[in-house]
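One structure below.
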Amino acid sequence: MMELLLTLLNDAIFSAIPAVGFAMVFNVPKRFLPYCAMAGALGHSCRTLLLHVNLPIEWATFVAAALVGLVTIGFAKRHLAPPLMYAVAAIIPMIPGTYAFNTVIALVQLTAQSEISPELTSAVISNGLKTVFILGALSVGLAMPSLLYFRTRPVI
């Protein structure tokens, strides 16, 4: 249990850093940077916790992005700022860079060979689909709380 808490704390610290960095790139005002850090740390730690309980990375990313969306709506109401100001920087640490990199590397290796390799083809397809599904989970998970919260008509 203690090891899991240390892992989550480590994950929160090291995911808050790129969230603040990208918030600075996006010209977020200085007084809002700690909120971007908190949202980024909370989202990535939530995803790590869900991965620890054996939820697939796509679903864990979806839930974590939805949590970031909910938290940033609260920050936005509190500070009278747009929610995306916090949310975009907060989900950057959850971008599936490793899967995209592995997809591109396998594609390059596949085109360099004279005949098609089933292993490389499988790697391209699995890593590419995982990348697409994680990016879709990020975008839908981040948008869904705003769509439900700012809705003028009932859902049903």
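In UniProt numbering, the protein residues as written are 1 to 156. In this text, a Cβ means the ideal position worked out from N, Cα and C, and glycines have one as well.
Between the options, which has its C-alpha nearest residue i's C-alpha?
i, options, result
"Met1", "Ala16, Leu49 and Phe75", "Leu49"
"Pro96", "Met38, Lys30 and Lys130", "Lys130"
"Gly43", "Thr72, Phe32, Val53 and Asn54", "Thr72"
"Asn144", "Ile125, Val132 and Pro83", "First, the amino acid is wrong: residue 144 is Met here, not Asn. Of the listed residues, the one whose Cα sits closest to Met144 is Pro83."
"Cys46", "Tyr99, Asp11 and Thr121", "Asp11"
"Leu147", "Pro34, Phe75, Ala81 and Gly69", "Gly69"
"Ala37", "Glu3, Glu58, Lys77 and Met85", "Met85"
"Leu67", "Arg153, Ala137 and Pro154", "Ala137"
"Asn102", "Leu120, Thr111 and Ala23", "Leu120"
"Ala81", "Glu58, Gln109 and Tyr35", "Tyr35"
"Leu135", "Ile105, Ile91 and Ser114", "Ile91"
"Ala76", "Gln113, Leu33 and Pro56", "Leu33"
"Phe26", "Ser15, Ala87, Gly74 and Ala112", "Ala87"
"Asn127", "Pro154, Val28, Ile57 and Ser114", "Ile57"
"Ile8", "Ile156, Val104 and Val53", "First, the residue type needs correcting, since residue 8 is Leu and not Ile in the sequence shown. The option with the nearest alpha carbon to Leu8 is Val53."
"Ile125", "Gln113, Ile105 and Ser114", "Ile105"
Mapping the DSSP letters down to three states, classify residue i as helix, strand or coil.
i, result
"Ala125", "Before going on, a small fix: residue 125 reads as Ile here, not Ala. Helix."
"Leu80", "coil"
"Arg151", "coil"
"Asn102", "helix"
"Met1", "coil"
"Phe32", "helix"
"Phe26", "coil"
"Glu119", "helix"
"Pro18", "helix"
"Pro145", "helix"
"Ser114", "coil"
"Pro56", "coil"
Less than 8 Å separating the beta-carbons of residue i and residue j?
i, j, result
"Ala39", "Leu51", "no"
"Ala19", "Ala123", "no"
"Ser117", "Leu107", "no"
"Ala41", "Ala16", "yes"
Between residue i and the rest of its own chain, which residues show a CB-CB distance below 6 Å, the 5 nearest in sequence each way excluded?
i, result
"Phe62", "Ala137 and Gly141"
"Tyr99", "Asn127, Lys130 and Thr131"
Is there at least one Cβ from chain D nearer than 8 Å to residue i's Cβ?
i, result
"Leu8", "Of the protein chains in this structure there is only one, and it is not chain D."
Closer than 7 Å by C-beta to residue i: which residues in its own chain qualify, once you throw out the five before and the five after it? Chain order, please.
i, result
"Pro93", "Ser15, Pro18, Ala19, Gly40 and His44"
"Tyr149", "Ile73"
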